[in-house]
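Chains as they are written, first to last, in the numbering used here: chain A, 510 to 952; chain B, 510 to 952.
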């Protein structure tokens, strides 16, 4: 039986979408700069068994399969490849279980990050990883990309919260990896191997995630600085003093102005570059570090509304800039003490090539997101590549949290080197012997 | 050139040990019950390049290589296999770097856990994973087994602290995995894959570990209970109330008496079963949960000396019991709410088969260590296997922190199932194509 007919026989008919317009809408993520292929079909499975059947048929017929959640990725990892099946998991969106004693939740991959937070908050629990896309992005996508966020500085990234996965393998087998218990070392950590593998080693059909008790609201510390590099110095000073804020975010003038133009918040009046920190215990010490590094203004408050507004502005920075035109989003991570040096280099590259570069950053992690305003795509690409080279030069990594996808393949190859890439290829071949899972991504 | 001659040509002569008595002393870990093969040679490399040369020659000549640290493992993971090279990494014991701003340390694999703690404490920093073997066990061994400990309840296990590794692959290549930055998603998480793989996927030659600021001393909460199951109920009650102690340990009468006999501490006068908890914020609430579950005595104190003595007793329990004869050490992990049920089953199995079972436990994690006093090895093995079956029946895992090694292979096979085992074998073949790395362990 040909593939299309076999698929029709294996699934209820309304699961399969042939409409080219709908397929096209599901064929790329938010990385405007990454190329997308022309998918053959869109499939919207309703449960893990349907996912298994699709992948098994793709394995038998050697058809590529690209899994996706909400498509909020920024590296092209979920972009279609030619003649593939796009497998949209957004319909599998049920929270299956919240276990308050064990502090875990079991969810389908299409559950939206903020929906899980809201569900567990009713039980006094908290799921920490909070990518800026949390109102839209799904847990499956968060796990596939090992998403980070604002809270990661203190609380860690997605990988730190996934205890176990149900996965469909490259040969169409439905398996359980990991565990429900707090600890466990039975066998290789294939759960961690799947996290961040961007759908190239398996398709996630269920997640068991660890939860924490809802923390008390921390204080918010604000510092305004006269330049990017001054703000970077404050980040390095916080690190040098051994301070550990829960979050430490940077937003520059471009971003503040873009948010102001959209939401009329008057943020740019505060200063050229803002640092926003959260802490329950070190607010005075963090303010002191900001001041020592040359803050033109600093304060801290427990006014929740004011604090929420500032962090909301941080979240709005990316969509606000996107309103103004195509944005090429960088995502590099450097040692924290080198944040000022990296910010200085980014600024120089922008100036040298006549390209506007806005900056938001999970600065406390050393995770910078230069946003390259792409008036001239060729120039933007040059600056993008120079930033990658510089982050490697400073001992950093080419992607802190957005993933490799298509945009960071060159950088990752340089970072890892041939021997480690060969290990990646061997692992990929071991778990996806037919090479059908999101081919051409990551490696 | 034959293997022995090639090895002699590749290393300074005193690195290679042929003395059968010395080789025998390096041919097993602390799992008295696990069989050990007869090694051909012991090699004590001085640096990563020497490790690389040894493994490369083993690859070319198809000679098995078993890497080991201090040999404190409890599952036979470091036991020699016939005709192997035992590769002792204990001589590679230098702390290479402590970076206070980035809060990380770079160490050789033979650095002893407590030595790293002492070195970083001078900088106000802390390496949390604290297996009971911390005065002797090495960071390389801790990583190879993904060691846990008392602090893991709040602070996580070894895997949560290893940012990057230098590893010699199964083909004798020296590679770097992971990163120095706080975050990073460039490629598959091969670092996590190596952690807990017990030397079957690579030989660790350097570790970059994340550090935390030294925390303030917490309070110690003590509860004494009339039975194992009552203490287990208190653990479940702590979980049900959403309390999050830093540590929550259980020590039963057998262990208390064994420590008393050795160190004359008078612990058994406190009660039949002790729970020891640590917390900086919830000491009254934890004591209340202990009382509600029927504690016959409870208190909390900040008397550091008294608290240290109690936790020292917990650490001494295993060596104290070992003094009295061979001990078959279990290591299972169950959901926390099922700790009383699991403890009741363990007690019943011991009684039914006329075998003494002592219990220590990282109870707050659900990680139990029944210690089977092996008067009759055959009976002890029956109880060992029954406990494994029960932990799986309760949704647990057959090894919480000691690793699979030799003792847990049967249990792990049951836990994982054929399809997941096939994934393990594929990954093993991908990264160790000649099958020379610690063959016959884990899978």
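From the three backbone atoms N, C-alpha and C, an ideal C-beta is built for every residue, glycine too. These numbers were taken from a predicted model, which means no experiment stands behind them.
1) When you compare only the Cα positions, how much space is there between residue 819 (chain B) and residue 737 (chain A)?
2) Does any residue of chain B have a CB that is nearer than 8 Å to the CB of residue 609 (chain A)?
3) Sorry if obvious, but does the Cβ on residue 754 (chain A) come closer than 7 Å to a heavy atom of the ligand ADP?
4) Mind checking if residue 788 (chain A) is an interface residue toward chain E, Cβ cutoff 8 Å exclusive?
5) Going straight from the alpha carbon of residue 631 (chain A) to that of residue 868 (chain A), what length do you get?
6) Is there a Cβ from chain A that is less than 8 Å from the Cβ of residue 715 (chain B)?
7) Note down, in chain order, every chain B residue with its Cβ under 9 Å from the Cβ of residue 769 (chain A).
8) State yes or no: is the beta carbon of residue 663 (chain A) nearer than 8 Å to at least one beta carbon in chain B?
9) Counting only C-beta atoms, is residue 932 (chain B) closer than 8 Å to chain A at any point?
10) What is the DSSP secondary structure of residue 737 (chain B), reduced to helix, strand or coil?
11) Determine, using beta carbons only, whether residue 547 (chain B) comes closer than 8 Å to chain A.
12) Between which residues of its own chain and residue 544 (chain B) is the CB-CB distance below 8 Å, once the five residues before and five after are set aside?
13) Considering only residues of the same chain and omitting the five flanking positions on each side of residue 779 (chain B), which have a CB-CB separation below 6 Å?
14) Roughly how many angstroms lie between the CA atoms of residue 605 (chain B) and residue 652 (chain B), to the nearest whole one?
15) Taking CB distances under 8 Å as the criterion, tell me whether residue 673 (chain A) reaches chain B.
16) For residue 699 (chain B), go through chain A and note every residue whose CB falls closer than 9 Å to its CB, in chain order.
17) Which residue marks the beginning of the beta strand (DSSP E) containing residue 714 (chain B), and which one marks its end?
18) Quick one: residues in its chain with C-beta nearer than 7 Å to the C-beta of residue 686 (chain B), no 5 flanking neighbours on either side, listed in chain order?
19) Is the beta carbon of residue 635 (chain A) sitting closer than 8 Å to the one on residue 722 (chain A)?
20) So, are the CB atoms of residue 548 (chain A) and residue 525 (chain A) less than 8 Å apart?
21) Less than 8 Å between the C-beta atoms of residue 835 (chain B) and residue 787 (chain B), yes or no?
22) The alpha helix (DSSP H) that contains residue 622 (chain B), what's its start and end?
23) Specify, as a first and last residue, the run of the alpha helix (DSSP H) that residue 766 (chain A) falls within.
24) Using C-beta distances below 7 Å, list every residue in its chain close to residue 859 (chain A), excluding the 5 sequence neighbours before and after it, in chain order.
25) According to DSSP, simplified to helix, strand and coil, what is residue 633 (chain A)?
26) Report yes if the CB atom of residue 564 (chain B) is closer than 8 Å to the CB atom of residue 595 (chain B), and no otherwise.
27) Once the 5 residues before and after residue 599 (chain B) are set aside, which same chain residues still bring their CB inside 7 Å of it?
28) Can you find a CB in chain A that lies within less than 8 Å of the CB of residue 844 (chain B)?
29) Starting from residue 683 (chain B), follow the beta strand (DSSP E) in both directions and report where the run begins and ends.
30) Excluding the 5 residues preceding and the 5 following residue 899 (chain B) in the sequence, name in chain order all residues of the same chain whose CB lies nearer than 7 Å to its CB.
31) Return the first residue and the last residue of the alpha helix (DSSP H) that residue 1006 (chain B) is part of.
32) For the alpha helix (DSSP H) holding residue 662 (chain A), just list the boundary residues, first then last.
33) Just how far apart, CA to CA, sit residue 520 (chain B) and residue 559 (chain B)?
34) Quick check on residue 597 (chain B): buried or exposed, where buried means 16 or more other Cβ atoms within 10 Å of its Cβ?
35) Leaving out five residues on either side along the sequence, give the residues of the same chain with a beta carbon under 7 Å from the beta carbon of residue 879 (chain A).
36) Could you please give me the residues that DSSP links to residue 575 (chain A) through a beta bridge?
According to the structure shown:
1) 51 Å
2) yes
3) With respect to the ligand ADP, the structure shown offers nothing to examine, as it has no ligands at all.
4) Included in the structure are the protein chains A and B, with no chain E among them.
5) 35 Å
6) no
7) Within chain B, no residue comes near residue 769 (chain A); the closest Cβ sits about 29 Å away, beyond 9 Å.
8) no
9) yes
10) helix
11) no
12) 585, 588, 915
13) 733
14) 17 Å
15) no
16) 702, 929, 932, 933, 936
17) 712–719
18) 673, 674, 676, 699, 700, 703
19) yes
20) no
21) no
22) 622–630
23) 762–772
24) 865, 866, 892
25) coil
26) no
27) 578, 579, 619, 647
28) yes
29) 683–687
30) 851, 854
31) Outside the shown range of chain B (510 to 952) lies residue 1006 (chain B), about which nothing can therefore be said.
32) 661–664
33) 7 Å
34) buried
35) 839, 855, 866, 868, 896
36) A:595
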